[in-house]
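Structure first, commentary second.
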Amino acid sequence: LRTQGPDIFRMKGILNLAGEDCRFVFQGVHMLFDGKRDRPWKSDAERKNELVFIGRNLDEAKLREDFRACLV
22 LRTQGPDIFR MKGILNLAGE DCRFVFQGVH MLFDGKRDRP WKSDAERKNE LVFIGRNLDE
82 AKLREDFRAC LV
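Counting in our numbering, the sequence shown runs without a single skipped number right up to 93 at its last residue.
Encoded structure:
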């Protein structure tokens with residue numbers, strides 16, 4: 022957000038946070054971001070991170086690299 026925030030028109034997603042039984046959902050517009058714990062993961066659900074970004078001049082490879090650096 023710090024470097025590409027002005028070019029991010031919309032973002033949303035579901036995150037699987039380590040040690041959490043509930044999904045974390047987020048959404049944002051430009052530099053504004055909001056997120057919260059959501060419902061528990063279903064027992065048969067694949068616990069994966071899903072992120073969607075809509076914007077201009079976004080570097081997909083750089084976004085992927087930056088998010089992978091946050092994984093544990």
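Glycine included, every Cβ here is placed at the ideal spot set by N, Cα and C.
All values reported here derive from a predicted model rather than from experimental measurement.
Query: Three-way DSSP call (helix, strand, coil) for Glu-71 in this model; Result: strand
Query: Three-way DSSP call (helix, strand, coil) for Arg-89 in this model; Result: helix
Query: Leu-79 - DSSP class collapsed to helix/strand/coil; Result: coil
Query: Secondary structure of Leu-53, DSSP reduced to three states; Result: strand
Query: Cutoff 6 Å; reference Gly-76; Cβ partners in own chain excluding five residues on either side; Result: Asp-28, Ile-29 and Phe-30
Query: Check whether Gly-56 and Phe-74 have beta carbons under 7 Å apart; Result: no
Query: Option nearest Asn-70 by Cα separation, candidates Phe-47, Gly-26 and Asp-80; Result: Phe-47
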